[in-house]
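Here it is in structure tokens:
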């Protein structure tokens with residue numbers, strides 16, 4: 001959904017806009033904030049995949065009233081279990097979230113609101129502190145891998161790649177994932193699997209029609225199309241340059257056959 005689509009979707013019931021900073025790239029926040037201001041809407045960011053990503057020098061999670069960061073093991077900065085963080089400069093949100101993370105219980109031990117068991121335990125915090133020391137190095141390596149992929153498969157007819165590193169001055173991408181849009185996605189996935197290459201389809205049909213039984217019948221053509229053509233390529237700190245080159249060769253081989 002682009003900025004134009006956001007404005008068209010606003011109704012009298014709309015209270016907030018929640019942009020998702022997907023795959024480690026921040027959305028066009030200038031347009032989103034302009035629309036939010038125009039209609040008096042709040043902005044909350046889903047920055048689960050974007051810790052360290054920036055838009056015009058400003059970090060993901062810092063644009064709206066609040067933002068969320070995920071420390072799930074599959075994220076760029078991940079612990080060994082579930083974890084996450086809420087980012088906000090709003091004192092009211094801070095105090096409410098602080099209560100909600102511990103069953104709605106305050107420092108006096110009394111429960112004042114409903115809440116969850118969402119405390120980050122000391123072990124996971126220690127693991128995150130350990131990895132955080134090398135976080136810039138980790139991001140740098142992921143950007144190197146993304147560049148190798150771009151150089152290796154750019155130009156294949158019908159294959160759409162993420163913007164390359166430093167493709168524009170506004171964005172600093174961390175490449176949580178390297179997601180490509182490809183024709184014959186399912187056939188390519190099977191072909192790569194036969195070559196010993198694991199890939200992942202990040203979004204299944206439920207992401208489109210999860211709320212169908214609740215009366216949501218609105219068409220989402222962009223989302224439905226992405227569901228059919230998107231594929232995640234291997235991207236992690238253990239993959240070597242030669243392995244990335246092998247993946248690129250196999251993709252080229254598939255479309256050249």
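Residue numbers (this note's numbering): 1 to 257. Each residue gets a CB set at the ideal place from its N, CA and C atoms; glycine is no exception.
Bridge pairing for residue 39: absent [DSSP].
Assignment of residue 32 by DSSP, reduced to helix, strand and coil, places it in the helix class.
Residue 45 counts as buried, since at least 16 other C-beta atoms from the protein chains shown sit within 10 angstroms of its C-beta.
Residue 227 has its alpha-carbon roughly 20 Å from the corresponding atom of residue 213. Leaving aside the five residues that flank residue 53 on each side, the residues in its chain whose CB is nearer than 7 Å to its CB run, in chain order, 21, 24, 25, 26, 60, 172, 173, 174.
As the crow flies, the alpha-carbon of residue 234 is around 6 Å from that of residue 199. With a cutoff of 8 Å on beta-carbon distance, residue 3 and residue 37 are scored as not near each other. The residue from 121, 177, 201 with its alpha-carbon nearest to that of residue 188 is 201. In the same chain as residue 248, and ignoring 5 residues on each side of it, the C-beta atoms closer than 6 Å to its own belong to 152, 153, in chain order. By DSSP's assignment, residue 181 forms a beta bridge with 160, 230. In the three-state scheme derived from DSSP, where H, G and I count as helix and E and B as strand, residue 134 is classed as coil. In this structure, 167 is the residue among 167, 134, 14, 138 with its C-alpha nearest to the C-alpha of residue 150. Here residue 190 is exposed: its Cβ has fewer than 16 other Cβ atoms, across all protein chains shown, within 10 Å.
Your pair residue 162 and residue 144 does not check out as a contact, with CB atoms roughly 14 Å apart and the cut at 8 Å. C-alpha of residue 89 to C-alpha of residue 159: approximately 41 Å in a straight line. Around the C-beta of residue 19, 16 or more other C-beta atoms lie within 10 Å, and the residue is accordingly described as buried. Spanning the alpha carbons of residue 65 and residue 93 requires a straight line of approximately 8 Å. Residue 93: member of the alpha helix (DSSP H) spanning 91 to 100, first to last residue.
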